[in-house]
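**Q** Order-wise, the sequence lines are chains A and B.
Mapping the first sequence onto the UniProt record's numbering, position 232 (from 1) lands on 232, and the numbers just tick up by one.
Mapping the second sequence onto the UniProt record's numbering, position 361 (from 1) lands on 361, and the numbers just tick up by one.
Glycine included, each C-beta is placed from N, C-alpha and C at the ideal position.
Number of protein chains: 2
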Amino acid sequence: MPSITIPETMKASVFKGAHDIEYTTVPTPKIESPKDAILKIEASALCGTELHMYRGDVVPKRADYITGHEFNGTVVSVGDEVRDFKPGDDVLCTFTSQCGECWACKDGLSSSCVDSKVFGTWALNGGQAEYVRIPYADHCLFPLPKGMNRNTALLMSDIFPTGWLCVNNYFKKVLYDKNHIANDVILQLGAGPVGLCCIAAAREMGVNHIYVADSVPSRLEQAKELGAIPININEVDNVAEFMKEKTGGKGADAIFELVGNAGALRTAFDSVRSAGFISSIGYHHEPLPMDGLECYLKNISIQFGRCPVRSIFEDAFKVFQKISYKFDKFIDLEMPLSEVSDAYAVFDNHKARKIAFKIDQ
Amino acid sequence: MPSITIPETMKASVFKGAHDIEYTTVPTPKIESPKDAILKIEASALCGTELHMYRGDVVPKRADYITGHEFNGTVVSVGDEVRDFKPGDDVLCTFTSQCGECWACKDGLSSSCVDSKVFGTWALNGGQAEYVRIPYADHCLFPLPKGMNRNTALLMSDIFPTGWLCVNNYFKKVLYDKNHIANDVILQLGAGPVGLCCIAAAREMGVNHIYVADSVPSRLEQAKELGAIPININEVDNVAEFMKEKTGGKGADAIFELVGNAGALRTAFDSVRSAGFISSIGYHHEPLPMDGLECYLKNISIQFGRCPVRSIFEDAFKVFQKISYKFDKFIDLEMPLSEVSDAYAVFDNHKARKIAFKIDQ
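#1: According to the neighbour-count rule (16 or more other Cβ atoms, all chains shown, within 10 Å of its Cβ), is B:Thr28 buried or exposed?
#2: Less than 8 Å between the CB atoms is what I'm expecting for B:Pro306 and B:Gln98, so what's the real figure, rounded?
#3: So if DSSP puts A:Leu39 in a beta bridge, which residue, or which two residues, is it bridged to?
#4: So within the stretch 173-236 of chain A, which uninterrupted alpha helix (DSSP H) runs reach at least 4 residues, ignoring any that extend past its ends?
#5: To which residues of the same chain is A:Met53 closer than 7 Å at the C-beta, ignoring the five residues directly before and after it?
#6: Nearest CA to the CA of A:Asn168: which residue from A:Ile186, A:Pro289, A:Ala153 and A:Ser157?
#7: Considering only the beta carbon of each residue, do A:Asn151 and A:Ala356 sit closer than 9 Å?
#8: If you follow the alpha helix (DSSP H) that A:Ser341 is part of, which residue opens it and which one closes it?
#9: For B:Pro217, is the classification buried or exposed, using 16 other Cβ atoms within 10 angstroms of its Cβ as the cut-off for buried?
#10: Indicate the three-state DSSP secondary structure (helix, strand or coil) for A:Asp57 in the structure shown.
#11: Quick one: residues in its chain with C-beta nearer than 7 Å to the C-beta of A:Cys47, no 5 flanking neighbours on either side, listed in chain order?
#12: For A:Lys178, collect the residues of the same chain with a Cβ closer than 8 Å to its Cβ; drop the 5 residues on either side in sequence, then sort them by chain order.
#13: Using DSSP with H/G/I as helix, E/B as strand and the rest coil, what is B:Gly17?
#14: Counting Cβ pairs closer than 8 Å, one from the stretch 256-276 of chain A and one from the stretch 294-306 of chain A, do we hit at least three?
#15: Hey, out of B:Asp348, B:Ala37 and B:Asp214, whose CA is closest to B:Asn232's CA?
#16: Determine, for A:Met156, whether the minimum Cβ-Cβ distance to residues of chain B falls below 9 Å.
#17: Just the C-alpha distance for A:Pro143 and A:Leu92, rounded to the nearest angstrom, thanks.
#18: Residue ranges of each beta strand (DSSP E) run of no fewer than 3 residues wholly in the stretch 62-112 of chain B, ordered along the chain?
#19: Indicate the three-state DSSP secondary structure (helix, strand or coil) for A:Gly248 in the structure shown.
#20: What residues are listed by DSSP as bridge partners for A:Tyr23?
#21: So B:Ser271 is in the alpha helix (DSSP H); what residue range does that whole segment cover?
#22: Looking at the structure shown, is A:Lys280 part of a helix, part of a strand, or coil, going by DSSP?
#23: Closest to B:Gly249 by CA distance: which of B:Lys326, B:Pro193 and B:Glu241 is it?
#24: Please state whether DSSP places B:Val239 in a helix, a strand or coil.
#25: If you draw a straight line from the C-alpha of B:Lys172 to the C-alpha of B:Ile255, how long is it?
#26: Could you name the residues of chain A that B:Trp103 contacts, counting a contact when the two beta carbons are closer than 7 Å?
#27: Between A:Arg273 and chain B, is the shortest Cβ-Cβ distance under 9 Å, so that the two count as touching?
#28: Does DSSP classify A:Pro161 as helix, strand or coil?
#29: Where does B:Lys30 fall in DSSP's three states?
#30: Could you tell me whether the stretch 132-149 of chain A touches the stretch 30-41 of chain A, using the rule of 3 or more Cβ pairs below 8 Å?
#31: First and last residue of the beta strand (DSSP E) that includes B:Ile355?
#32: Determine the direct distance from the alpha carbon of B:Gly73 to that of B:Met1, and round the result to whole angstroms.
#33: Can you give the beta carbon distance from B:Thr67 to B:Ile21, rounded, assuming they're within the 8 Å contact cut?
#34: Give a yes or no on whether the C-beta atoms belonging to B:Ile4 and B:Val76 are separated by under 9 Å.
#35: With burial defined as no fewer than 16 other Cβ atoms inside 10 Å of the residue's Cβ, what is the status of B:His19: buried or exposed?
#36: Within this structure, are the beta carbons of B:Phe95 and B:Ala200 separated by less than 9 Å?
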């Protein structure tokens, strides 16, 4: 094993406030607990969820944190209690940290871990940087899949497992009934990066009828290539009415909601059939746009929330392995980390599907 | 088969407006479609859901309808297309009508039937009367269970299947996992008639830990007798904090919400653990008291809605048969239908657990 020297300072992307991302020099992270590891970042991406903070829709408890929750790299240092990894290992990391020991971690709900933090937030520095500290390294890291390029592997930190979860929530709702899965009509709201992962997962997992609504033509083209039926919301007056027309007045059997605003959730509610299901993966920040009587009368059920990537990694990866070739060019723009501020603006304006950073070290 | 003579007029309870129920003479219903049947009512009850209209919380589209959706009786007349029932048959009826032919009926979702109506509402006259018309009789009626007294059988029209459904929603959420069912901690909000059915069903079905919150001491006593742990909300400052104390800070694994107002739903949300489940059976009439970010961060899932009694009748009845002896004195007050106006007031003031009407014919 080579001896790895870690410099005292590093370059990193730091969140200063809405529309204010700074490329700057900061202290390199150090082991703080015996369960920590330090990674040298080799690949790092920008996720749509980060735009909620960038746009000011969600205001973090404090600024001055290092951004980024999708990254992989090489272990350069581990604490005394890290058993499964050692310096030199190529690894990817889940977008959240989790302890591996609490009731939630043990029950397959790692995103509900009592000490879970999201990388690249006020609670935990992220990986749009040269180095990152990983708490509970044994429960956050996975070996980098053999033969997989690092940019493709970035999708396994968050967005592919999240897309898979959106589908699996619906599978659980129909108790994995193959007849439902094959014949149900799904409406997906949002064809951004997670949305495209969701379509690919759904089609691979046996969903035959999936409509996808978005406003960005390039996304809709990719959605179609992956096997969805595109709906351009600028060309359809009313998505709910459109879905009713396509289903003999019934409505979609289930909704995959990946947008994360009240308008999308209302469209989901209006488009789903009676006793239907909404799998909501979107990061919301507004009051729920339905009232209780509507929910009662429509016999609706909704699953919200963050993906427990750690807990479902193996199941999601089984699907990803089969179709990862579809994602080899998914990251369509690479920019130097020094241009991180521009990168956020480019991504916010839908000028790239998915951006990865070149970490200049 | 005896010839049965039906008079031209009958006595009935008619909804005139909030706090205004009138005992009056109306025309006796007649066969309107070849799928109809006419029942002579032998037993009829008052359900908590009717109090939403009585109190003015929910305003019907029009007044002047016959109230009551829990009843059983004897078939006195059938249309030409009714195959399974004939005059003289003793039957009970589901609290909704359903066609039996649409996608929802065929998919086990009879409460979402495209032509479903609730008896005793502006949409369909009910059974607090001497006679009632049953649309789609083959899909609304069941033979009266042999050896079961009529007042006990009243519980199978709505409240026992509804309580059973509340439990079964949770069973589905945990994919019928016996370990979860036996060990999970449930908080139930509401110990009214449906709530007591829900407790009895849950305990019979394998739920071991069920806390029940209510404000009425007599209900809490009955809840305890049926195997729940009572929480008097007048004696506990904060139900959510109380549940956290009882679960090592985690919160309840699932909530059975049977109250039907925003306060109860908020208590449900605050009391449930991360990634927990709310089975909401309550008939709501207010905005949802959570915002989207809370739902996302808590990874919550919620099932709302009305019980498809027709679709789940056999499953619920299997449980009811085993424990129906516990319900033989459940109806603790019988009043003449002529005193229906008083009966609503008595029920609204929690002066009786469950009221049945003596139909004086």
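**A** So, to answer that:
#1: Taking the second sequence and counting its residues from 1, one reaches residue 28 of chain B at position 28. Buried, by the Cβ-count rule.
#2: Within the second sequence, numbered from 1, the residue matching residue 306 of chain B stands at position 306. Within the second sequence, numbered from 1, the residue matching residue 98 of chain B stands at position 98. Checking the displayed sequence, the identity of residue 306 of chain B turns out to be Arg instead of Pro. Incorrect: roughly 11 Å between the Cβ atoms, too far for contact.
#3: The count along the first sequence starts at 1 and reaches residue 39 of chain A at position 39. DSSP, once it has assigned bridges, lists A:Val75 and A:Val132 as partnering A:Leu39.
#4: 178-183, 193-204 and 217-225
#5: In the first sequence, the residue the question calls residue 53 of chain A occupies position 53. Hits under 7 Å: Phe15 and Pro60.
#6: Taking the first sequence and counting its residues from 1, the one referred to as residue 168 of chain A is at position 168. Cα-wise, what sits closest to A:Asn168 is A:Ile186.
#7: Mapped onto the first sequence, residue 151 of chain A falls at position 151. Mapped onto the first sequence, residue 356 of chain A falls at position 356. Yes, these two residues count as a Cβ contact at 9 Å.
#8: Working through the first sequence from its first residue, we reach residue 341 of chain A at position 341. Segment Val340 to Asp348, the alpha helix (DSSP H) holding A:Ser341.
#9: Walking along the second sequence from the start, residue 217 of chain B turns up at place 217. The residue is exposed, with fewer than 16 neighbouring Cβ atoms inside 10 Å.
#10: Looking up residue 57 of chain A in the first sequence gives position 57. In the structure shown, A:Asp57 sits in coil (DSSP, three-state: anything other than H, G, I, E or B).
#11: Translated into positions along the first sequence, residue 47 of chain A becomes position 47. Excluding positions up to five away in sequence, the list reads His69, Glu70, Asp158 and Ile159.
#12: As a working note, residue 178 of chain A is residue 178 in the first sequence. Excluding sequence neighbours, A:Lys178 sits near Gly206.
#13: In the second sequence, the residue the question calls residue 17 of chain B occupies position 17. Strand at B:Gly17.
#14: yes
#15: Along the second sequence, one-based indexing puts residue 232 of chain B at 232. For B:Asn232, the nearest C-alpha among the options comes from B:Asp214.
#16: Here residue 156 of chain A refers to the residue found at position 156 when the first sequence is read from its first residue. No, no contact with chain B.
#17: The count along the first sequence starts at 1 and reaches residue 143 of chain A at position 143. The count along the first sequence starts at 1 and reaches residue 92 of chain A at position 92. Near 6 Å, if we compare the C-alpha coordinates of A:Leu92 and A:Pro143.
#18: 70-78 and 90-93
#19: As a working note, residue 248 of chain A is residue 248 in the first sequence. In the structure shown, A:Gly248 sits in coil (DSSP, three-state: anything other than H, G, I, E or B).
#20: Numbered from its first residue, the first sequence carries residue 23 of chain A at position 23. According to DSSP, which records beta bridges pairwise, A:Tyr23 is partnered with A:Ser13.
#21: Position 271 of the second sequence, counting from 1, holds the residue named residue 271 of chain B. Its alpha helix (DSSP H) spans residues Ala262 to Ser271.
#22: Start at 1 with the first residue of the first sequence, and residue 280 of chain A comes out as number 280. Here residue 280 of chain A turns out to be Ser, not Lys, going by the sequence shown. Residue state, collapsed to three classes: strand.
#23: In the second sequence, the residue the question calls residue 249 of chain B occupies position 249. Checked all of B:Lys326, B:Pro193 and B:Glu241; the closest Cα to B:Gly249 is B:Glu241.
#24: By 1-based counting over the second sequence, the position of residue 239 of chain B is 239. Of the three classes helix, strand and coil, the one that applies to B:Val239 here is helix, per DSSP.
#25: Along the second sequence, read from residue 1 onward, the residue named residue 172 of chain B stands at position 172. Along the second sequence, read from residue 1 onward, the residue named residue 255 of chain B stands at position 255. Taking the straight line joining both Cα atoms gives about 14 Å.
#26: Walking along the second sequence from the start, residue 103 of chain B turns up at place 103. Residues of chain A passing the Cβ test: Lys250.
#27: By one-based count along the first sequence, residue 273 of chain A stands at place 273. It does: the Cβ of A:Arg273 has a partner Cβ on chain B nearer than 9 Å.
#28: Sequence index remark: in the first sequence, residue 161 of chain A carries index 161 (1-based). Here A:Pro161 sits in helix by DSSP.
#29: Looking up residue 30 of chain B in the second sequence gives position 30. In the structure shown, B:Lys30 sits in coil (DSSP, three-state: anything other than H, G, I, E or B).
#30: yes
#31: Position 355 of the second sequence, counting from 1, holds the residue named residue 355 of chain B. Per DSSP, B:Ile355 belongs to the beta strand (DSSP E) from Ile355 to Lys358.
#32: Taking the second sequence and counting its residues from 1, the one referred to as residue 1 of chain B is at position 1. Taking the second sequence and counting its residues from 1, the one referred to as residue 73 of chain B is at position 73. In this prediction, B:Met1 has a pLDDT of 46, which is less than 50 and means its spatial position is unreliable; what the coordinates show is noted afterwards. Each residue's alpha carbon lies about 16 Å from the other.
#33: By one-based count along the second sequence, residue 67 of chain B stands at place 67. By one-based count along the second sequence, residue 21 of chain B stands at place 21. Indeed, because the Cβ distance is near 7 Å, the residues count as touching under 8 Å.
#34: As a working mapping, residue 4 of chain B is identified with position 4 in the second sequence. As a working mapping, residue 76 of chain B is identified with position 76 in the second sequence. Yes; because the gap between Cβ atoms is below 9 Å, this pair is in contact.
#35: Walking along the second sequence from the start, residue 19 of chain B turns up at place 19. Its Cβ having fewer than 16 others within 10 Å, B:His19 is exposed.
#36: Counted from its first residue, the second sequence places residue 95 of chain B at position 95. Counted from its first residue, the second sequence places residue 200 of chain B at position 200. Cβ distance not < 9 Å, so B:Phe95 and B:Ala200 don't count as in contact.
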